[in-house]
Amino acid sequence: MKFTIGDLVKFRPNSPIYSVMNNKHSFGIISRSARLLYVHDWEDTDVFKEFWAYDILVEGQIFKNVPEEGLERFIKK
């Protein structure tokens, strides 16, 4: 998990909601703690990859289960 409630994020072009955004420069606010969507078990190694998602508030609308890979921090810490 990279983000916490209240973090400002922007959307990467590979984000599933990027294409429906009216303003591609909009940012969102993390509105709920991360949820673990699934864990991928690579059969040939002992590596497990966790996939997390967040609810994001953007211009008064909440987008649910936005994958972490499609987000980046708006303000670097």
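Using this note's numbering, the letters of the sequence shown correspond one by one to residues 1 to 77.
Cβ atoms here follow ideal geometry from the backbone N, Cα and C, with glycine treated the same way.
Residue range of the beta strand (DSSP E) that includes residue i
{"i": "P67", "result": "61-67"}
{"i": "E72", "result": "71-73"}
{"i": "E43", "result": "No beta strand (DSSP E) holds E43; DSSP gives it neither H nor E."}
{"i": "G28", "result": "27-30"}
{"i": "K49", "result": "48-58"}
{"i": "V9", "result": "8-11"}
Sub-9 Å separation of residue i and residue j beta-carbons
{"i": "I5", "j": "S33", "result": "yes"}
{"i": "N23", "j": "E59", "result": "yes"}
{"i": "I129", "j": "F63", "result": "With the chain running from 1 to 77 in the structure shown, residue 129 is simply not present."}
Supposed close pair residue i, residue j - CB separation, criterion 8 Å
{"i": "K10", "j": "E72", "result": "6 Å"}
{"i": "P67", "j": "F51", "result": "7 Å"}
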